[in-house]
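Chemist:
In this note's numbering, the protein residues as written are 548 to 731.
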């Protein structure tokens, strides 16, 4: 199970970046669309595996976010680097019926990744997704403490407890949201 966690931890962390927002006036759909539009652009930052066999492993990620013109959702593409090794990361999240948001990371569980099986915008600065691959279940939370930063936590369920596995701190490095550049 530890190897499954490590293999899919970075894609989970990346996907959380696809789920941050600042609210807009209007309906819930407009608010959610604003949420995903707020992460368009470039994000970079460090992360760390905080539990399990690979506890203490540090990595750095670079992401480009985009949102579709018609649907409510987002695609995030980029890479994460551990030492000299770099891996492509990709996530897509879309609104799908009563369960809120669904999507895939790295091709979903049919491929080498994970499925987002449900999720919602909790408040103006937080989103939570339920994630799944075979017997691995967990949560991914993204919080935006301010316009230029995002904190992502990925947790897994172990014996009816939710255990944090990954933490990431991303900074905006373009002018999409607030017209300034955050220091890397």
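A virtual CB, placed ideally from N, CA and C, is assigned to each residue, including glycine.
With distances taken between CB atoms, is the gap from residue 654 to residue 660 smaller than 8 Å?
Modeler: It is a contact, given that the beta carbons lie within the stated cut-off.
Chemist: Provide the residue span of the alpha helix (DSSP H) that contains residue 578, from first to last.
Modeler: Here the alpha helix (DSSP H) through residue 578 covers 575 to 584.
Chemist: Just list the residues that DSSP pairs residue 629 with in beta bridges.
Modeler: Answer by DSSP bridge pairing, in chain order: 632.
Chemist: Considering only their Cβ atoms, is the gap separating residue 708 from residue 700 smaller than 8 Å?
Modeler: No, the Cβ-Cβ distance between residue 700 and residue 708 is not below 8 Å.
Chemist: Between the alpha carbons of residue 597 and residue 620, how many angstroms are there, rounded?
Modeler: Their Cα atoms are separated by approximately 29 Å.
Chemist: Identify whether residue 594 lies in helix, strand or coil by the three-state DSSP scheme.
Modeler: Three-state result, residue 594: strand.
Chemist: Return yes when the Cβ of residue 608 is within less than 8 Å of the Cβ of residue 697, no when it is not.
Modeler: The answer is no: Cβ separation not under 8 Å.
Chemist: Under DSSP, the beta strand (DSSP E) around residue 689 begins and ends at which residues?
Modeler: Residue 689 -> beta strand (DSSP E) spans 683 to 693.
Chemist: Between the Cα of residue 706 and those of 601, 684, 658, spot the shortest distance and give me the residue it belongs to.
Modeler: Of 601, 684, 658, the residue nearest in Cα terms is 684.
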